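Chains as they are written, first to last, in my numbering: chain A, 1 to 336; chain B, 337 to 667.
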């Protein structure tokens with residue numbers, strides 16, 4: 001078990017480094033290959049219609065003239081050990097983990113990230129609970145009643161669910177449920193610690209919208225997995241030895257179905273925690289995804305790099321937790 | 337295939353006689369493709385999806401004709417029909433009428449019907465081409481990984497794992513945002529469409545790659561591959577002539593199921609403002625402007641949304657049916 005954990009940890013760390021390296025290349029290597037000079041890069045980060053002096057200052061401050069690997073090493077050093085910025089007049093200390101300062105409003109990216117994480121976290125965790133409950137139970141019921149009206153209706157709904165873009169369902173619910181019929185309060189984020197009821201009440205709509213999409217996906221996968229598992233030999237064995245059908249389903253079939261779903265769940269949670277971009281922009285929630293989008297549109301490199309790094313970290317952490325859980329749930333994994 | 341023993345028509349008279357009771361109809365051999373086609377034809381839901389897809393493709397191709405017949409040019413402003421203080425169309429239902437079939441765009445008063453019709457071009461084009469790119473990369477790398485095994489397989493499988501664990505949407509946004517406005521002789525929306533195709537295709541190949549790899553792993557061990565190898569065939573010949581033909585069905589199914597995902601991907605990027613740029617009409621971009629006006633013009637949310645939904649649903653339904661027809665075990 002310990003060897004298994006160590007192997008997973010090493011893999012996870014490698015993944016974070018790879019993802020951050022790729023992000024870095026997107027911003028530095030790709031434009032360079034496409035013919036962008038360090039000057040162009042600096043002026044892009046300098047805001048609209050910059051003076052040559054600002055461009056020069058930015059170029060020097062961020063070392064855009066250095067080779068890309070050197071710049072990447074500098075970025076990594078900032079994250080691990082912190083760094084100092086020389087603004088010309090004085091030196092600003094940026095403690096680890098330092099993602100630098102926003103080009104737009106010159107604030108510490110780490111602070112912005114810490115500000116945004118609770119929003120995305122609230123959105124995703126609430127939705128995840130809903131979609132897991134709804135998706136898995138509908139999938140299991142559908143598989144057990146394969147071919148019935150319930151199964152067909154549920155699967156048609158699920159297919160519609162995966163065909164509806166979240167920004168459409170989100171806007172629809174905003175238009176009708178909030179605006180026209182006044183059934184729910186407008187969507188906004190309130191701190192959970194401040195007022196849990198307000199926190200939940202104002203997030204119900206995004207939760208339901210986001211979980212509708214994922215519940216549809218999970219219902220389809222659970223049904224397919226369940227039908228597969230029910231054909232396994234060990235189910236026949238369990239039935240043959242006289243176990244009641246209820247035990248066969250809950251103890252044998254469900255367990256075999258849910259283990260692969262666990263992997264999926266870890267991946268989805270990880271990806272969403274890094275920024276549910278579409279949901280956040282539909283409901284104007286100021287989470288990580290919305291931050292990244294604003295960063296890209298405003299060419300605010302440190303912000304984007306910060307969000308993507310945090311996103312990578314979430315992906316890796318979620319996968320790690322799932323892998324470790326897998327080792328507990330499925331004994332075959334440990335011995336492999 | 338020619339049978340080793342020649343059997344000419346007159347000599348098969350006897351089985352015919354035996355079959356007399358069933359109506360003298362000769363038994364026909366059916367290829368796997370024919371069987372699948374028969375199954376697919378019986379699946380009404382899937383066939384509906386197929387018909388809708390064909391209609392959509394026709395709409396996209398004949399968009400200029402349709403607009404000329406039933407609409408107004410997609411970028412023609414009709415601000416005289418817009419309430420100047422609210423910004424919403426003056427007539428009810430978003431200004432839907434015989435003249436403007438799907439109503440008017442808020443503030444500008446452009447004809448929504450024409451914009452929806454033209455929007456189908458971007459969606460379908462990007463959806464198809466990106467899938468083509470993904471299928472090409474996925475098949476190539478999947479077959480190579482599955483056939484050669486060893487460290488090549490480990491490397492490609494690892495890369496696919498990393499891709500699947502990536503925050504893809506964030507990356508796509510970052511790349512689109514960082515690329516210059518003109519490149520490789522392309523500019524404007526031509527460049528953006530090309531970029532979207534490459535980026536979406538590049539990010540979705542592992543889904544096909546994984547399936548192709550898995551199938552190749554098992555095909556590699558089959559007798560006919562052994563036979564080809566024993567006769568002295570080399571790897572490229574075996575891959576192209578023996579393995580690839582057996583992969584056509586799964587590739588077709590998963591490519592069909594990938595088209596709707598890629599259409600949603602494009603719509604999502606355009607919704608976020610990093611995809612197709614106005615004034616070229618795209619469904620995602622329409623929904624993104626609808627965010628500003630949903631309180632006064634709900635029809636502007638509903639119509640592009642339904643367009644995306646119908647298109648994506650048609651492909652999903654058809655893809656599901658295709659999978660069931662080609663692989664009855666999934667039923």
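The C-beta atom is built at its ideal place from N, Cα and C for all residues, glycine as well. Keep in mind the model is a prediction, meaning the values are calculated, not measured.
For residue i and residue j, what's the separation of their Cα atoms in angstroms?
i: residue 207 of chain A; j: residue 372 of chain B; result: 41 angstroms
i: residue 226 of chain A; j: residue 320 of chain A; result: 25 angstroms
i: residue 162 of chain A; j: residue 216 of chain A; result: 6 angstroms
i: residue 540 of chain B; j: residue 398 of chain B; result: 29 angstroms
i: residue 116 of chain A; j: residue 262 of chain A; result: 27 angstroms
i: residue 121 of chain A; j: residue 273 of chain A; result: 6 angstroms
i: residue 586 of chain B; j: residue 68 of chain A; result: 41 angstroms
i: residue 376 of chain B; j: residue 369 of chain B; result: 10 angstroms
i: residue 459 of chain B; j: residue 602 of chain B; result: 7 angstroms
i: residue 126 of chain A; j: residue 198 of chain A; result: 14 angstroms
i: residue 81 of chain A; j: residue 639 of chain B; result: 52 angstroms
i: residue 439 of chain B; j: residue 448 of chain B; result: 6 angstroms
i: residue 323 of chain A; j: residue 8 of chain A; result: 8 angstroms
i: residue 421 of chain B; j: residue 626 of chain B; result: 17 angstroms
Mind checking if residue i is an interface residue toward chain B, Cβ cutoff 8 angstroms exclusive?
i: residue 15 of chain A; result: yes
i: residue 287 of chain A; result: no
i: residue 165 of chain A; result: yes
i: residue 281 of chain A; result: yes
i: residue 221 of chain A; result: no
i: residue 274 of chain A; result: yes
i: residue 179 of chain A; result: yes
i: residue 267 of chain A; result: yes
i: residue 117 of chain A; result: no
i: residue 303 of chain A; result: no
i: residue 138 of chain A; result: no
i: residue 312 of chain A; result: yes
i: residue 216 of chain A; result: no
i: residue 308 of chain A; result: yes
Per DSSP, what kind of secondary structure is residue i in: helix, strand or coil?
i: residue 425 of chain B; result: strand
i: residue 108 of chain A; result: strand
i: residue 17 of chain A; result: helix
i: residue 579 of chain B; result: helix
i: residue 648 of chain B; result: helix
i: residue 101 of chain A; result: strand
i: residue 320 of chain A; result: helix
i: residue 325 of chain A; result: helix
i: residue 632 of chain B; result: coil
i: residue 138 of chain A; result: helix
i: residue 83 of chain A; result: strand
i: residue 605 of chain B; result: helix
i: residue 612 of chain B; result: coil
i: residue 164 of chain A; result: coil
i: residue 183 of chain A; result: coil
i: residue 440 of chain B; result: strand
Can you tell me whether residue i is buried or exposed, with buried defined as 16 or more other CB within 10 angstroms of its CB?
i: residue 280 of chain A; result: buried
i: residue 551 of chain B; result: buried
i: residue 598 of chain B; result: buried
i: residue 390 of chain B; result: exposed
i: residue 490 of chain B; result: exposed
i: residue 51 of chain A; result: exposed
i: residue 232 of chain A; result: exposed
i: residue 308 of chain A; result: buried
i: residue 249 of chain A; result: buried
i: residue 396 of chain B; result: buried
i: residue 604 of chain B; result: buried
i: residue 754 of chain B; result: Chain B is shown only over 337 to 667; residue 754 of chain B falls outside these bounds and no answer can be derived.
i: residue 202 of chain A; result: buried
i: residue 131 of chain A; result: buried
Check whether chain A comes within 8 angstroms of residue i, counting only Cβ atoms and requiring the distance to be less than that.
i: residue 644 of chain B; result: yes
i: residue 502 of chain B; result: yes
i: residue 637 of chain B; result: yes
i: residue 452 of chain B; result: no
i: residue 600 of chain B; result: yes
i: residue 604 of chain B; result: yes
i: residue 525 of chain B; result: no
* Asked: Fully enclosed by the segment 448-493 of chain B, which alpha helix (DSSP H) runs are 4 residues long or longer?
  -> DSSP runs (the alpha helix (DSSP H)) wholly in the segment 448-493 of chain B: 448-484.
* **Residues in the segment 145-174 of chain A having any Cβ partner in chain C nearer than 7 angstroms** => In the structure shown, chain C does not exist; the protein chains are A and B.
* If you scan the segment 493-569 of chain B from start to end, which runs of the alpha helix (DSSP H) of 4 or more residues do you find wholly inside it? -> Considered as a whole, the segment 493-569 of chain B harbours 504-514, 524-555, 559-566 as its complete alpha helix (DSSP H) runs of no fewer than 4 residues, in chain order.
* To do: Just list the alpha helix (DSSP H) runs in the segment 239-320 of chain A, keeping only unbroken ones of 4 residues or longer that don't cross its boundaries, in chain order.
  => Along the length of the segment 239-320 of chain A, whole alpha helix (DSSP H) runs at least 4 residues long occupy 254-273, 277-282, 288-297, reported in chain order.
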